[in-house]
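Going by the working numbering, the first residue of the sequence shown is number 1382, and it counts up by one from there.
Idealized CB from N, CA, C, for every residue including glycine.
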Amino acid sequence: MIQQIETILVDVPTIRPHKLSVVTMNTQTLVLVRIVCSDGIQGWGEATTIGGLNYGDESPESIKVNIDTHIAPLILNMPASQVGLAMAKINKIIQGNRFAKCAIETALLDAQARRLGIPLSELLGGRLRSELPVAWTLASGDLAKDVSEAESMLALRRHRIFKLKIGLRSVEDDVKHVLAIKRALGDSVSVRVDVNQAWSEIEASRAIAALEAGGVDLIEQPIRAENKAGMARLAEKFSVAIMADEALHGPAAAFELAKLAAADVFAVKITQSGGLTGACLVSHIAQLAGISLYGGTMLEGAIGTAASAQVFSTFKDLSFGTELFGPLLLTEELLFEPLVYKDFMLQVPSKPGLGVEIDLEKLNRMRRPDTNRLLTQAKAA
Ligand code: MUC
Ligand code: MG
């Protein structure tokens, strides 16, 4: 039985300001969910977003209150091992709230996979790979800093794919900045841009032509998410890959984008997809439509990152790699054993469930005080 559901907010400073066109992040608020089952098994999930309400329409606080008030009561006392049934009840009654649903589904699947003694990937069709390429985002906004950050990542053999956050400055300045970085780093690294919807279609046309000529190999969400026809025109016009991110709100949006041929690549995110099974469905739609896949992030901590890795390990095509670097952007580690990044790859955890163990004492010290309850380590059944 599902006995207890707890939502926890943790504010963690970032290692440096992370500048997106929609917000500059100095802190990330992790939204964690813990589900305790009557057999003593616990599952963890995460519903972290970016910049309060700057990026999406669920904030950390709204996710917490909606889970606590509206979602958790629906599934308390339901059988913990019938994850599909619990999620069907939630999906029937609760509109929207994809991030909150993702955290709940992740925690239920984590608990069930632990119960069965298998990695979570094996409940999703089975992993096809045990490590994932990981991009790093250069978002200091400063050319010299971005180049030296990229060089140190290359020297550490941590990342050789770099995504540049642009869209804050003029199109001309952004293009100059990106091409200077591409020239400095050379042909052996992949340089990509994420515009986070900042350009008009006319600006995008002008900029993409220059970026394509300069060797940039992926253009992420250049224009407003709702302008799907515009995305289709850009994808048709340019040979450089155009990727949908903010436009990709789960399977229905994926189907619509595929019908319109509005992207060459999908940035699949577990939260935006409304959960792990939703993310798998998005990947199946992409596969059928001949759209390539990229494993996206909402800059989650280790739990959301491990959950994403479990999902992305099952994708047939993952030709653009992933950006599962969230925990590396944070100043604090909440796992007993951190996720392993080496040789430009993230190792997909192979222990049961998500394959990660939370340091509860540290979490209790760091959580936003909202309750007098302290977490206690549940005894294994
Ligand atoms: C986004 O739009 O992709 C992912 C990496 C990063 O730096 O920001 C996020 C959000
Ligand atoms: Mg993006």
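Check, Outcome
"Taking 7 Å as the limit, tell me which residues put their C-beta closer than that to any heavy atom of the ligand ADP, in chain order.", "In terms of ligand content, the structure shown lacks the ligand ADP and carries the ligand MUC and the ligand MG instead."
"Contact between the stretch 1453-1463 and the stretch 1513-1527: three or more CB pairs below 8 Å?", "no"
"For V1597 and D1568, what's the separation of their Cα atoms in angstroms?", "10 Å"
"Verify the contact flag: V1518, CB atom, against every heavy atom of the ligand MUC, threshold strictly below 6 Å.", "Looking at the sequence itself, residue 1518 is Thr, so the reference to Val does not match. Result yes, Cβ under 6 Å from the ligand MUC."
"Cα separation between I1623 and P1603?", "8 Å"
"Return the residue from the list F1619, P1708, L1566, N1472 that minimises the CA-CA distance to S1530.", "Reading off the sequence shown, one finds Glu at residue 1530, where the question assumed Ser. Out of F1619, P1708, L1566, N1472, L1566 has the C-alpha closest to the C-alpha of E1530."
"Can you give me the start and stop residues for the beta strand (DSSP E) that V1649 sits inside?", "1646-1649"
"Looking only at its own chain, which residues have a Cβ that is under 6 Å from the Cβ of H1399, when we skip the five neighbours before and after it?", "M1406, A1520"
"Could you check if I1672 is buried or exposed, using at least 16 other CB atoms within 10 Å of its CB as the buried criterion?", "buried"
"Any idea which residues DSSP pairs H1399 with across the strands?", "M1406"
"With H, G and I counted as helix, E and B as strand and the rest as coil, what does DSSP make of D1626?", "coil"
"Under 8 Å, with one C-beta from each stretch per pair, do the stretch 1552-1560 and the stretch 1508-1520 reach the 3-pair mark?", "no"
"Closest by CA to K1743, which one among L1715, G1736, M1612?", "L1715"
"Please look up how many angstroms separate the CB atoms of A1467 and L1489, rounded, as I've assumed it's under 8 Å.", "6 Å"
"May I ask which residues mark the beginning and end of the alpha helix (DSSP H) holding P1454?", "1453-1456"
"List the whole-angstrom C-beta distance separating T1395 from Q1409, where the pair is believed to meet the contact cut-off of C-beta under 8 Å.", "6 Å"
"Evaluate the contact criterion for the stretch 1713-1729 versus the stretch 1686-1698: three or more CB pairs, one atom per stretch, below 8 Å.", "yes"
"Comparing the CB of L1439 with every heavy atom of the ligand MUC, is any distance shorter than 6 Å?", "According to the sequence shown, residue 1439 is Glu rather than Leu. Checking every heavy atom of the ligand MUC against the Cβ of E1439, none is found closer than 6 Å."
"Hey, is E1704 close to the ligand MUC, as in C-beta under 6 Å from one of its heavy atoms?", "yes"
"Going by DSSP, which residues form a beta bridge with E1427?", "L1413"
"Does D1751 pass the burial test, meaning 16 or more other C-beta atoms within 10 Å, or should it be called exposed?", "exposed"
"To test your reading of the DSSP string, which unbroken alpha helix (DSSP H) runs of 4 or more residues are found completely within the stretch 1513-1590?", "1524-1536, 1552-1566"
"How is L1390 classed by DSSP in three states: helix, strand or coil?", "strand"
"To which residues does DSSP link G1702 through a beta bridge?", "G1702 is not bridged to any residue."
"Once DSSP output is grouped into helix, strand and coil, what is the label at P1730?", "coil"
"Are L1674 and L1699 closer than 7 Å when you measure CB to CB?", "yes"
"Just the Cα atoms here: how many angstroms apart are A1606 and S1551?", "20 Å"
"Which same chain residues end up closer than 6 Å to V1646 when comparing Cβ atoms and leaving out the 5 residues on each side of it in sequence?", "A1622, M1624, S1673, Y1675, F1701"
"For the beta strand (DSSP E) that I1600 lies in, which residues bound it at each end?", "1599-1601"
"Contact between the stretch 1628-1637 and the stretch 1655-1668: three or more CB pairs below 8 Å?", "yes"
"With burial defined as no fewer than 16 other Cβ atoms inside 10 Å of the residue's Cβ, what is the status of S1620: buried or exposed?", "exposed"
"Quick one: using the 10 Å Cβ neighbour count with 16 as the cut-off for buried, is D1626 buried or exposed?", "buried"
"Please report the residue range of the alpha helix (DSSP H) in which G1685 lies.", "1683-1693"
"What does DSSP give as the partner residue(s) for C1418 in the beta ladder?", "I1383"
"Does A1561 come within less than 7 Å of chain C when only Cβ atoms are used?", "In the structure shown, chain C does not exist; there is a single protein chain."
"How is L1711 classed by DSSP in three states: helix, strand or coil?", "strand"
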